[in-house]
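K.L.:
Dumping the structure here so I can ask a few things about it.
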Amino acid sequence: MRLAGLLLLVAGWGIDMSAVALLPSLMGRAGFALAGVAVELLGLALMVNFHLVLNAGKG
Amino acid sequence: MTTHPLASLSDASAVLCVLLVFMVPMACIGLALVNTGLGRSRSAAHAMLSSLCVCSVAAIVYVIIGFSFQGAPGGQAHAFAIGGQTWNWIAAEPFFLRGLRFDFSPVSMIVLLQIFSVGLASLIPLSSGADRWRLGATCISTALLAGLTYPLFAHWVWGGWLAQLGPNYGLGSGFVDAGGSGTIQVVGGLTALSITWILGPRSGKYSQSGTSAAIPAYNVVLALLGCLFAWIGWLGLNSSGAILLGGVEPSRVILVAVNTTLSAAASALVAAAVTRVRFGGPDASLVANGWLAGLVASSAGAAFLKPAAGILVGAVAGALVPFAIDLLESRLEVDDPGGAISVHAIAGLWGLCAVATLSDVGAQSGSRGQWLAQLVGIATLLGFVLPLTYGLNWLLNRVYHQRVDAEGEWRGLDLHELGAGAYPEFVVHSDDFIQG
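As structure tokens, then:
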């Protein structure tokens, strides 16, 4: 779960970078950039969940 | 390649800049006092010694390798091209500051400012790792922050590809962060989050059912005094950053100082009001955190905000911080004794957003484009800086265990690591918070 979270964080950033570099219109870039941030938030949620489970396991 | 050169300063402006840069260590003193005051008395000397050590490590590592990766706007850098546009990603300056002239040139002042700034960023994770982070680990982790994470992102923001999103891709004025809300505060805050995750919560903080126990700050007076020191330091940090890194006219330092102060004041008052409503009286440690959050949020755009906007920036930061601290501690089980993640990462991210919504920069250069530039910067912090700093500290933890053992945590880091307590004449303390 931790690795998936980290990969989603990096993937979200990659979407943002690609949107800026490859898309011509501001609206297209903004849409993909927001999608990239959403992917990052998903990754962050996985990281949070992983550490919650880890803490519960340690008791 | 070489990016656009720095504007030269008049003699009077250069003297002003140097004086402002000399004020920045006050911010380090402030954070050190806040970190110590919000921790436990049994680790007080350790907290203050750690502050001294991480500032020392940060300064030396930054001078040896950090500046060669960060550079200054206008310096030598490596770049690659995509679709005809250059992406300036890392500086190419020599190690050990070789070839740098130590005079009143903007580059030499930037080096000095950055030595202090990287020390400030390194102090932030100390707060979240309080009472359980070994001294040796704090130093090695700081070396990674000062040698790689901080310089790389700082280069992108101050002269690199994030700064050039404006001219290269038409995104407003590019990513704007004159005083370091993102570069110093969020980078430090995300490192604090990584450290908290890697170390785990303090013993006795959470029960089996996940309920958190309150572990009160041992000296709130120290923390509040730290806030006042931090205020002076932030005036220097925001003002010198605006001139040297934000390209602002030196005459605007008055506006920067007004906005910095208003933001901190509004943030502290709102935090006091929020805690008054929630707990029946203002909570001193949360108000201290609110004050700091206002300073943090002001850094990115203090030079570009109208005073009314400065108050709004602070007010939002002050409203966010108590809830963020509660959410992290109670719901997400992130044991952050000093509230560093909420104060530095969350308020810093808000400061970056405020540049696009409330500042002159957004209004002048097209609000949508500026919004997108700020969004890309925030995405870079979450998608690049967080995985990098988490990965580096996770690797460090594999080869050098960062957390003190259970016995050391119970005795306190002062006795365990330093061999003597901060207050040897006041040794009696109960273990009310240690369970099992």
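Top to bottom, those sequences are chains E and F. The C-terminal residue of the first sequence carries number 817 in the numbering used here, and the numbering is unbroken. The C-terminal residue of the second sequence carries number 1264 in the numbering used here, and the numbering is unbroken. We put the beta carbon where it would ideally sit given N, CA and C, even for glycine. Predicted model, so just to flag it, every value in this text is computed and none were measured.
1. Check this for me: beta carbons of Leu925 of chain F and Phe895 of chain F, under 8 Å apart or not?
2. Please confirm whether Val1204 of chain F has its beta-carbon closer than 8 Å to some beta-carbon of chain E.
3. Any beta carbon of chain B sitting closer than 8 Å to that of Val811 of chain E?
4. What number of angstroms, rounded off, separates the C-alpha of Gly1247 of chain F from the C-alpha of Thr864 of chain F?
5. At what residues does the alpha helix (DSSP H) containing Ile1265 of chain F begin and finish?
6. For Met854 of chain F, which residues in the same chain have their Cβ closer than 6 Å to its Cβ, ignoring the five residues on either side in sequence?
7. Which runs of the beta strand (DSSP E), 3 residues or longer, sit entirely within the stretch 912-995 of chain F?
8. Quick check on this structure: which residue in F:Ala1020, F:Ile892, F:Ile1082 has the alpha carbon closest to the alpha carbon of Gly1064 of chain F?
9. What does a CB cutoff of less than 7 Å around Leu1053 of chain F pick up in its chain, not counting 5 residues either side in sequence?
10. If we call anything under 8 Å between Cβ atoms a contact, is Arg960 of chain F one with Asp1242 of chain F?
11. I need the boundaries of the alpha helix (DSSP H) containing Ala1207 of chain F, first residue and last residue.
12. Any contact of the stretch 1030-1050 of chain F with the stretch 1098-1116 of chain F, i.e. 3+ C-beta pairs under 8 Å?
13. So, under 8 Å CB-CB, His1172 of chain F and Ala1020 of chain F are touching, yes? Tell me the CB distance rounded to an integer number of Å.
14. In the DSSP assignment, the beta strand (DSSP E) including Ala886 of chain F goes from what residue to what residue?
15. Below 8 Å on the Cβ atoms is my guess for Val1098 of chain F versus Gly1129 of chain F; work out the distance and round it to an integer in Å.
16. Got a sec? Which residues, its chain only, sit under 6 Å from Met805 of chain E by beta carbon, not counting five neighbours each side?
17. At a Cβ cut of 8 Å, what residues of the stretch 1013-1047 of chain F count as close to chain E, listed as they run along the chain?
18. Mind reading off the beta-carbon distance from Ala1085 of chain F to Ser1067 of chain F? Whole number of angstroms is fine, and I expect it under 8 Å.
19. Mind reading off the beta-carbon distance from Ser1009 of chain F to Gly1197 of chain F? Whole number of angstroms is fine, and I expect it under 8 Å.
20. Give me the subset of the stretch 1215-1241 of chain F whose CB atoms are less than 8 Å from a CB atom of chain E, sorted by chain position.
21. Below 8 Å CB to CB, which residues in the same chain sit around Phe818 of chain F once its five sequence neighbours on both sides are set aside?
22. Taking the alpha helix (DSSP H) that Phe908 of chain F falls in, what are its first and last residues?
23. From Leu1073 of chain F to Leu848 of chain F, what distance separates their C-alpha atoms?
P.N.:
With the given structure in hand:
1. yes
2. yes
3. Absence of chain B from the displayed structure is noted, the protein chains being E and F.
4. 18 Å
5. Outside the displayed range of chain F (829 to 1264) lies residue 1265 of chain F, so it cannot be described from this structure.
6. Phe1057, Ile1060, Gly1061
7. 913-919
8. F:Ile1082
9. Leu861
10. no
11. 1195-1208
12. yes
13. 7 Å
14. It is not in any beta strand (DSSP E) - Ala886 of chain F instead sits in the alpha helix (DSSP H) that spans 872-889.
15. Not a contact, Cβ separation roughly 18 Å.
16. Gly763
17. Trp1025, Gly1028, Pro1029, Tyr1034, Gln1036, Gly1038
18. 6 Å
19. Rounded, the Cβ-Cβ distance is 19 Å, inconsistent with contact.
20. Pro1215, Tyr1218, Gly1219
21. As shown, chain F starts at 829 and ends at 1264. That puts residue 818 of chain F outside it, with no answer to give.
22. Taken as a continuous stretch (DSSP letters only), Phe908 of chain F belongs to no alpha helix (DSSP H), being part of the beta strand (DSSP E) at 905-910.
23. 13 Å
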